[in-house]
Amino acid sequence: MDGMTFLSRLVGGARIGGAYYFCGEDPYSLNKGVRAILERTNPDLRDMNTQTLKSPLASEIQNAAETLPFFDELRVVVVTEFDADTANALADYATHVPESTALVFVRPGKAPASNPLYKALLALDRAVSFDPLSPEQAQAFLQKRAKEHGIPLDSAAANRMIQYLGVDLGALENTLQQLGAYVGFGNRVTISAVETCVSPSSEYKVFSVMDQLWAGNKKQGIRELAALIGDPAESAMGLATLFERNVRTVLNAKQLQLGGKNEAEISAALGVAPFVAQKASKNAKKRSLEQLVKMLEDFIAIEWKQKQGLAKAEEALLLACQNNF
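Using the UniProt record's numbering, the first residue of the sequence shown is number 1, and each one after it goes up by one.
So, in structure tokens, the structure goes:
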């Protein structure tokens, strides 16, 4: 089950009880899911009916789950940083946890498909994955939060926020509140306000440079890259990693194209948003497989060259772009 579906069920009044496995790569919504379950307890008795166990033994988890709620309908036990042995030992018990307890196993990151505990709870539709939203879902999230905060938000402004910050919901919400304070209560947040107040992420800046380079606008792309490298807030090695990731995505798209895959299949295979797959597919058609392999090797070599003292990362990154675009 995805995180949005789970949270929607909670809002709709779904009953909570038994064991759950929370995972996913969006920390904001993962934490929100945990908070949503904790908030099902009586606030006046919450301290007595909620417990967080960090790196516990299997027996400690079971004892906590078997404890009855104190003058409330629900007790919540949150388990974090548990190891594989603990998870394996509880695979069977997790399917029989008392309904008076919500036992929540929290493991940030990708779903551990082969883990017995995860598989047992997945079979009961109690495994929940909180993953990054699509840009469209992030737009809906922003508009919802803006309405709740009383901040009129232009659609174009929301889109620019997502372009600058990605789909990090925590960053988007914090920035929304900052923008609301900037424009003043009741005033609209416009795209101009976003461009004035919000600094684009490194990912967005690299995406912009690569757009220029892939489009054949080498002079403009190199100029933007030089300015980016000269920004004291940026790390040349960090930028090189983002360039490498971009090229790797294009190379992977090329390999899938050669295997007869279309854009939708490429998006699914790479686990990227449709618009990312569309750009990668378009750029993949501009180079041969051999050219893309060489390009990736050049960007991978940037870190090695710096560590060997052969070239600074700044110089190696500029050279890799000069030679491959």
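By construction, the Cβ of each residue, glycine as well, lies at the ideal position given by its N, Cα and C atoms.
Just curious, the beta strand (DSSP E) that residue i is in, first and last residue?
{"i": "threonine 80", "result": "75-80"}
Buried or exposed for residue i, going by 16 or more other Cβ atoms inside 10 Å?
{"i": "arginine 188", "result": "exposed"}
{"i": "residue 412", "result": "Examination of residue 412 is not possible in this model, given that the chain is present from 1 through 325 alone."}
{"i": "valine 11", "result": "exposed"}
{"i": "asparagine 323", "result": "exposed"}
{"i": "glutamine 306", "result": "buried"}
{"i": "alanine 146", "result": "buried"}
{"i": "leucine 68", "result": "exposed"}
{"i": "methionine 295", "result": "buried"}
{"i": "leucine 289", "result": "exposed"}
{"i": "methionine 210", "result": "buried"}
{"i": "glutamate 297", "result": "exposed"}
{"i": "threonine 196", "result": "exposed"}
{"i": "arginine 223", "result": "exposed"}
{"i": "serine 267", "result": "buried"}
{"i": "glutamate 39", "result": "exposed"}
{"i": "asparagine 174", "result": "exposed"}
{"i": "arginine 126", "result": "buried"}
{"i": "residue 326", "result": "Any question about residue 326 goes unanswered here, given that the chain covers just 1 to 325."}
{"i": "methionine 1", "result": "exposed"}
{"i": "arginine 15", "result": "exposed"}
How far does the alpha helix (DSSP H) with residue i in it extend, from its first residue to its last?
{"i": "tyrosine 93", "result": "First-last for tyrosine 93: undefined, no H or E at that position."}
{"i": "glycine 17", "result": "From DSSP, glycine 17 is part of no alpha helix (DSSP H); its letter is neither H nor E."}
{"i": "threonine 52", "result": "No alpha helix (DSSP H) contains threonine 52, which is instead part of the beta strand (DSSP E) from 50-54."}
{"i": "valine 247", "result": "236-258"}
{"i": "valine 194", "result": "191-197"}
{"i": "asparagine 174", "result": "169-183"}
{"i": "lysine 119", "result": "116-122"}
{"i": "proline 132", "result": "From DSSP, proline 132 is part of no alpha helix (DSSP H); its letter is neither H nor E."}
{"i": "valine 272", "result": "No alpha helix (DSSP H) contains valine 272, which DSSP labels as neither H nor E."}
{"i": "lysine 219", "result": "218-229"}
{"i": "glutamate 39", "result": "Neither: glutamate 39 is in no alpha helix (DSSP H) and is coded neither H nor E."}
{"i": "residue 359", "result": "Within the shown structure, residues of the chain are numbered from 1 to 325, placing residue 359 beyond reach of any answer."}
{"i": "serine 208", "result": "202-214"}
{"i": "asparagine 324", "result": "313-324"}
{"i": "alanine 58", "result": "58-66"}
Does the distance from the C-beta atom of residue i to that of residue j stay below 8 Å?
{"i": "alanine 193", "j": "leucine 179", "result": "yes"}
{"i": "alanine 253", "j": "alanine 280", "result": "yes"}
{"i": "leucine 90", "j": "leucine 124", "result": "no"}
{"i": "valine 247", "j": "leucine 292", "result": "yes"}
{"i": "alanine 313", "j": "alanine 233", "result": "no"}
{"i": "alanine 58", "j": "threonine 86", "result": "yes"}
{"i": "glutamate 99", "j": "glycine 17", "result": "yes"}
{"i": "glutamine 257", "j": "alanine 284", "result": "yes"}
{"i": "phenylalanine 325", "j": "leucine 213", "result": "yes"}
{"i": "isoleucine 302", "j": "alanine 320", "result": "yes"}
{"i": "proline 132", "j": "valine 97", "result": "no"}
{"i": "tyrosine 28", "j": "valine 128", "result": "no"}
{"i": "serine 202", "j": "leucine 239", "result": "yes"}
{"i": "residue 327", "j": "leucine 270", "result": "The first residue shown for the chain is 1 and the last is 325, placing residue 327 beyond what the model contains."}
{"i": "lysine 205", "j": "leucine 228", "result": "yes"}
{"i": "asparagine 42", "j": "aspartate 72", "result": "yes"}
{"i": "tyrosine 164", "j": "proline 112", "result": "no"}
{"i": "isoleucine 191", "j": "alanine 138", "result": "no"}
In this structure, what does DSSP give as the bridge partners for residue i?
{"i": "residue 333", "result": "Examination of residue 333 is not possible in this model, given that the chain is present from 1 through 325 alone."}
{"i": "alanine 127", "result": "Tyr21"}
{"i": "aspartate 2", "result": "Ser129"}
{"i": "threonine 101", "result": "Arg75"}
{"i": "leucine 153", "result": "Val189"}
Could you check whether the Cβ of residue i sits closer than 8 Å to any Cβ belonging to chain B?
{"i": "histidine 96", "result": "Of the protein chains in this structure there is only one, and it is not chain B."}
**Asked** Within the chosen definition, does the segment 20-30 reach the segment 39-56 through at least 3 CB pairs nearer than 8 Å?
**Response** no
**Prompt:** Three or more C-beta pairs closer than 8 Å, one from the segment 67-78 and one from the segment 100-111: is that the case here?
**Reply:** yes
**Prompt:** Using 8 Å as the Cβ pair cut-off and three pairs as the minimum, do the segment 138-150 and the segment 32-50 touch?
**Reply:** no
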